[in-house]
Ligand SMILES: *Cc1c(COP(=O)(O)O)cnc(C)c1O
């Protein structure tokens, strides 16, 4: 493990857990058989896929046959929503939120171009969904409601079980992008009416290139990837065996570390947040501290650019992320912060810190020591310098 980098960008991607890599290795070397083959050499691989499916199902409170392995979170999001709009062709509306990941928003934009109607739930200043608007949006022309379980930028949690109930009251299906939530919040899907749930390996210490889609037993599903009979005929393509085995182990580890994630990691996050707010003037937390992921904080340092902060943190080998994304060459603040109505001077200066179980208190102290002078320096050269803007 690289000891020199302080990695607090775990909502972008995570390191592969050493236990996960160890369990994957045989399937990248000696056990290369095809699970669909007749021979024992291939067949034994199948058992390991089955075990991974059971482990992932246990983490979600699902049945093994409700788990379909995919290539990533984006594929799972696409597969779920595209399937849902085919279930009842008379229903041509999708209801989602303004703060979804591009994997959902990008698809919704494409669907609009194809003539579907898409309605976007607004959020308030804390990023909470406006429930009043929801009641008017979901109706009997709605095919699917898709709302994320946890937001990747702010860490905000959304009441997906309740949203699933509302969707079903109108005969619509419910999908949740839970890529950020799986492994960080306890789940028991058997107690909800969620139809589809997307997750991604590389956000929970498994490798990139493996994801999964939960499809509730009894929920109609039409294939996104068509071809062979893999994954109960729900997702064609020769299995990414090493990735699947890795995701299975990562799920088992996540179950083991869920408690730590919600105590020690949350305490580290709170320590970092408090330390920075105390030492930096004109700093504010974006999101809803009452209901958010244990590992995430999104802080705006007003009147300066988040990108400048990141570059200077980078010189100290601190890897964080900016809330604002550079879209088509222009520096547009993030769609999530804009939906929340965060003022431009604050949205531009937002930095996201997302922790994992591999972070330490010493690392938090380093960030708390390095960041305030960076903010001071940038403010001194900013056109909005002394906060007069
Ligand atoms: C990372 C992420 C995705 C995309 O997952 P990939 O596996 O990278 O395709 C989707 N939704 C959310 C909320 C994410 O954080």
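Residue numbers (this note's numbering): 1086 to 1474. No residue lacks a Cβ here, since even glycine has one placed at the ideal position from N, Cα and C. Bear in mind the structure is a predicted one, so any value in this text is a computation, not a measurement.
- Have a look at 1277, 1317, 1296, 1366 and flag the residue whose alpha-carbon is nearest the alpha-carbon of residue 1285. Comparing Cα positions, the closest option is 1296.
- Message: Counting C-beta neighbours from all protein chains within 10 Å, is the total for residue 1306 16 or more, i.e. buried, or is it exposed?
- Response: Taking all protein chains shown into account, residue 1306 has 16 or more neighbouring C-beta atoms within 10 Å of its C-beta and is therefore buried.
- Task: Can you grab the Cα-Cα spacing for the pair residue 1227 / residue 1249, in whole Å?
- Result: Near 13 Å, if we compare the C-alpha coordinates of residue 1249 and residue 1227.
- Cα separation between residue 1364 and residue 1178? For residue 1364 and residue 1178, the distance between alpha carbons rounds to 48 Å.
- Message: Give me, in chain order, the residues of the same chain whose beta-carbon lies closer than 7 Å to that of residue 1552; leave out the 5 immediate sequence neighbours on both sides.
- Response: Because the chain spans 1086 through 1474 in this model, residue 1552 falls outside it and cannot be assessed.
- Message: Going by DSSP in three states, residue 1443 sits in which element: helix, strand or coil?
- Response: Three-state DSSP puts residue 1443 in coil, outside helix and strand.
- Task: Measuring alpha carbon to alpha carbon, tell me which of 1089, 1096, 1221 ends up nearest residue 1437.
- Result: Relative to the Cα of residue 1437, the nearest Cα in the group 1089, 1096, 1221 belongs to 1096.
- What residue does the beta strand (DSSP E) around residue 1389 start on, and which one ends it? First-last for residue 1389: undefined, no H or E at that position.
- Entirely within the segment 1192 to 1219 and at least 3 residues each: give me those beta strand (DSSP E) ranges in chain order. The segment 1192 to 1219 contains, as complete beta strand (DSSP E) runs of 3+ residues, the segments 1202 to 1206 (chain order).
- Should residue 1474 be labelled buried (16 or more other beta-carbon atoms within 10 Å of its own) or exposed? Below a pLDDT of 50, predicted positions are generally treated as unreliable, and residue 1474, at 41, falls in that range; no measurement from the model is reported.
- Which residues share a DSSP beta bridge with residue 1281? Residue 1281 pairs with 1260, 1300.
- Query: Beta carbon of residue 1262: closer than 7 Å to some heavy atom of ligand 1?
  - Reply: Residue 1262: yes, Cβ under 7 Å from ligand 1.
- Query: So does residue 1296 have its beta carbon nearer than 7 Å to some heavy atom of ligand 2?
  - Reply: This structure lacks ligand 2; its bound ligands are ligand 1.
- Query: Which term fits residue 1412, buried or exposed, when burial requires 16 or more other beta carbons within 10 angstroms of its beta carbon?
  - Reply: Here residue 1412 scores only 46 on pLDDT, less than 50, and its place in the model is too uncertain to base an answer on.
- Message: Report the start-end ranges of each beta strand (DSSP E) in the segment 1151 to 1199 that is 3 residues or longer and not cut off at the edges.
- Response: For the segment 1151 to 1199, the full-length beta strand (DSSP E) segments reaching 3 residues or more read 1152 to 1155, 1178 to 1182 along the chain.
- Please state whether DSSP places residue 1104 in a helix, a strand or coil. Residue 1104: helix per DSSP, three-state reduction.
- Taking residue 1280 as the reference, which of 1288, 1293, 1263, 1271 has the closest Cα? When only C-alpha atoms are compared, the closest one is 1263.
- Task: Taking 8 Å as the cut-off, decide whether the C-beta atoms of residue 1283 and residue 1158 are in contact.
- Result: Yes; because the gap between Cβ atoms is below 8 Å, this pair is in contact.
- Query: By Cβ distance below 8 Å, which residues in the same chain neighbour residue 1459 in space, the five residues on each side in sequence not counted?
  - Reply: Within its own chain, the residues whose Cβ lies closer than 8 Å to the Cβ of residue 1459, once the five positions on either side in sequence are excluded, are 1394, 1397, 1398, listed in chain order.
- Who pairs with residue 1437 in a beta bridge, going by DSSP? Within the DSSP bridge table, the entry for residue 1437 names 1383, 1406 as partners.
- Item | Buried versus exposed, by CB contacts within 10 Å (16 or more), residue 1147 | So residue 1147 counts as buried.
- Message: Can you check which of these residues, 1382, 1457, 1407, 1089, is closest to residue 1240 by C-alpha distance?
- Response: If we check each option's Cα against that of residue 1240, 1382 comes out closest.
- Message: Our contact map puts residue 1354 next to residue 1422 with C-beta atoms below 8 Å; I'd like the distance itself, whole angstroms only.
- Response: Contact annotation, residue 1354 with residue 1422: C-beta distance approximately 19 Å; criterion of less than 8 Å not satisfied.
- Are residue 1153 and residue 1298 touching if we call contact CB-CB under 8 Å? Between residue 1153 and residue 1298, the CB-CB gap stays under 8 Å.
- Task: Give the range of the alpha helix (DSSP H) segment to which residue 1125 is assigned.
- Result: Per DSSP, residue 1125 is one residue of the alpha helix (DSSP H) stretching across 1125 to 1145.
- Taking C-beta to C-beta, are residue 1346 and residue 1442 nearer than 8 Å? Taking 8 Å as the Cβ cut-off, residue 1346 and residue 1442 qualify as a contacting pair.
- Query: Grouping DSSP H, G and I as helix and E and B as strand, with all else coil, what is residue 1335?
  - Reply: The answer is helix: DSSP assigns residue 1335 an H, G or I state.
- Query: residue 1094: beta carbon under 7 Å from a heavy atom of ligand 1?
  - Reply: With a cutoff of 7 Å, residue 1094 does not count as near ligand 1, since its C-beta is closer than that to no heavy atom of the ligand.
- Item | Residue interval of the alpha helix (DSSP H) (run including residue 1421) | Per DSSP, residue 1421 belongs to the alpha helix (DSSP H) from 1420 to 1424.
- Task: Using 10 angstroms around the beta-carbon of residue 1221, count the other beta-carbons present and answer buried if the total reaches 16, otherwise exposed.
- Result: Result: exposed.
- Can residue 1420 be considered in contact with ligand 1, in the sense that its beta carbon sits closer than 7 Å to one or more heavy atoms? In this structure, the C-beta of residue 1420 stays at least 7 Å away from each heavy atom of ligand 1.
- Query: Are residue 1119 and residue 1323 closer than 8 Å when you measure CB to CB?
  - Reply: Yes. Within cutoff.
- With a Cβ-Cβ cutoff of 8 Å, do residue 1184 and residue 1212 count as a contact? Contact flag set, yes.
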